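Protein chains: 2
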Amino acid sequence: MVEMTTQAGSATRPRAPLNKERVLAAAVALADEGGVDALSMRKIAQVLGVVPMALYKHVANKNELLDGMIDVLVAEIDPPVGDTDWKTAVRRRVLSARRMLLRHPWAPEVIESRIKARTTPTPAVMEYLDSMIGIFRAGGFSIDLVHHAMHVMGSRLLGFSQELFEDTSDREPDPDAMPPEEMAARYPHITELAMAVAHDQESVVGSGCDDQFEFEFALDLTLDGLERLHGTG
Amino acid sequence: MVEMTTQAGSATRPRAPLNKERVLAAAVALADEGGVDALSMRKIAQVLGVVPMALYKHVANKNELLDGMIDVLVAEIDPPVGDTDWKTAVRRRVLSARRMLLRHPWAPEVIESRIKARTTPTPAVMEYLDSMIGIFRAGGFSIDLVHHAMHVMGSRLLGFSQELFEDTSDREPDPDAMPPEEMAARYPHITELAMAVAHDQESVVGSGCDDQFEFEFALDLTLDGLERLHGTG
DNA sequence: TTGACGGGTGTACGGCGTACACCTACCGTG
DNA sequence: CACGGTAGGTGTACGCCGTACACCCGTCAA
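Same order as they appear, the protein sequences are chains A and B.
Counted from 1, the first sequence has number 87 at position 87 by our numbering; the numbering is strictly sequential.
Plus 233 on top of the position in the second sequence (first one is 1) and you've got our numbering.
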């Protein structure tokens, strides 16, 4: 056997060069088959035929890896369809999200834990929420009603159970947070909603919306629906 | 300084004897102040002034500890009130559950992960669900409607986002599972519901209910409610 | 007196995330 | 052509984790 060529040994397996996408794909595959407990940097490295520390040239740490995995999942959700009423558009999108969640049963737990730890959801999640808001707006919903609607849909949108936007004003600001103008450009609907809510109540800047009210709003909407089906009251 | 008495050194702090409740309480307190990531057997032992392995005389392992912590939380939910209509009874109970979840923000993530790993929720959770079903039944709901209602309420009942009872027929049976007759005695409403669902569809024993149908049922109930508020369609 | 046993201890192992120093192949520039 | 920078893979090492296993001691029934 002659000596190796300049590009990657031919005696060993050629091994395509690593990159963030390949790392994330391997991580998602590993989680799919063994659950999130079976996911470790060392195992990911192993299936990629690489030493564990090599991964850190492509993801900063395990938390960023988890964030990246969430983005991969969100990208699997079908984009919104254009030419229908809001109701079927929302319906299709949510059912598509559900199919994604069924393919990746570990997702809700990871999304839950990561959302609690970050000040802002990942860009992909933001985009998803923004376009969902856009569907309601295009359907003629008032900004207030959209706000309530998003809270009501909460757990069906991505599996997270409590608030989408918790009060993050007490956490120290993310060093590389997005400037407001870019925020407004990238997520117009979220921005519109956030502004309206902030205006609505002249409270201190921060939390923005009354989570307790939103929870009860959603609860009562559900109970009223059940009552109607039951035919009492 | 003289020698110690027979019952616990008096020079060191007396240190009450350990038991499962004290272990669980310490674990919950630790999670409350540092999140679930800050929870480790070693830290629990430390705050209890004991060596890590001592905990294992009271809980089998960390998973059982987590299950026990969930039970502690569920016990914090107010018991159902008797003399009102179903709607306010459910409303109060769910709001009480929400207050508990707000006190323990780490709870949804833990409940999520533990429910996925067990064949049956812990007894305390079962009891909670059973009594919730009982409220609907006492309100005159048909067993089918209760079934749908529980799915609809899903994420608001305890923060779990997907199915309460996933298909566990593929998992090897829990060695110390509860015999059916005890099941029926302890959780009469759950049993009634499970029987009805199993009868309903003459499918193989197992999963029992059509999760996809239930998801869409809940989704449509929500969308219809929003539509009514919006005044279109 | 003894022997079982409930409950706290000590040691040790394998796995984890990751800091840090290194090495090497490549590239644009002089 | 020489050369320094840089991107990306390597190796070692540290401190934390859960927990298996052997031990030890105080209590109490026989």
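Note that beta-carbon positions come from the ideal geometry of N, C-alpha and C, so glycine has one too.
For clarity, every value in this text was computed on a predicted model and none was experimentally measured.
Query: Within 8 Å, strictly: CB atoms of A/ASP78 and A/ARG93; Result: yes
Query: Three-pair Cβ contact test at 8 Å for the region 103-120 of chain A versus the region 46-57 of chain A; Result: no
Query: The region 290-310 of chain B contacting the region 339-353 of chain B, beta-carbon criterion three pairs below 8 Å; Result: yes
Query: Segments of 4+ residues assigned as alpha helix (DSSP H) that fall wholly inside the region 287-339 of chain B; Result: 295-308, 319-336
Query: Interfacial residues, the region 318-339 of chain B to chain A, with Cβ spacing under 9 Å; Result: ASP318, TRP319, LYS320, VAL323, ARG324, VAL327, LEU328, ARG331, LEU334, LEU335, PRO338, TRP339
Query: Minimum Cβ-Cβ distance from B/GLY367 to chain A less than 8 Å; Result: no
Query: Where A/VAL146 falls: helix, strand or coil (DSSP); Result: helix
Query: Pick from B/MET386, B/ARG419, B/ALA308 that is closest to A/LEU219, judged by C-alpha positions; Result: B/MET386
Query: Cβ-heavy atom distance, A/ASP211 to the ligand FAD, below 7 Å; Result: This structure lacks the ligand FAD; in fact it carries no ligand of any kind.
Query: Cβ neighbours of B/SER364 in the same chain (closer than 6 Å, five flanking residues each side left out); Result: PRO313
Query: Beta-carbon proximity of B/LEU257 to B/ALA264, cut-off 8 Å; Result: no
Query: Secondary structure of B/ASP443, DSSP reduced to three states; Result: coil
Query: Limits of the unbroken alpha helix (DSSP H) element including A/GLY134; Result: 123-138
Query: Secondary structure of A/PRO17, DSSP reduced to three states; Result: coil
Query: Straight-line Cα distance separating B/ARG461 from B/ILE368; Result: 27 Å
Query: Alpha carbon of B/LYS320 to alpha carbon of B/MET383, nearest angstrom; Result: 13 Å
Query: Cβ-Cβ separation, B/TYR420 to B/MET359 (assumed contact under 8 Å), whole Å; Result: 5 Å
Query: Delimiting residues of the alpha helix (DSSP H) encompassing B/MET416; Result: 413-419
Query: Any chain B beta carbon closer than 8 Å to A/ALA149; Result: yes
Query: Assigned secondary structure, A/PHE141 (DSSP; H/G/I helix, E/B strand, else coil); Result: coil
Query: Reference A/GLY231, options B/GLU342, B/SER375, B/HIS291, B/LEU251, closest by Cα; Result: B/SER375
Query: Pick from B/GLY373, B/PRO413, B/ASP304, B/ASP318 that is closest to B/LEU362, judged by C-alpha positions; Result: B/ASP304
Query: Euclidean distance between Cα positions of A/HIS148 and A/GLU216; Result: 10 Å
Query: Straight-line gap, B/THR455 to B/ALA429 (C-alpha atoms, nearest Å); Result: 25 Å
Query: Sequence-distant residues of its chain with Cβ nearer than 7 Å to A/ALA27 (five each side left out); Result: LEU39, ILE44, LEU65, MET69
Query: Short CB-CB distance (under 8 Å) between A/LEU226 and chain B; Result: yes
Query: Limits of the alpha helix (DSSP H) - the one that B/ARG275 falls within; Result: 274-280
Query: Residue-level contact to chain B via CB, A/PRO108, 8 Å cutoff; Result: yes
Query: Pairwise C-alpha distance: B/LYS290 and B/GLU254; Result: 13 Å
Query: Close-in-space but distant-in-sequence residues of the same chain around B/ILE423 (CB under 7 Å, 5 per side omitted); Result: MET359, LEU362, ASP363, ILE366
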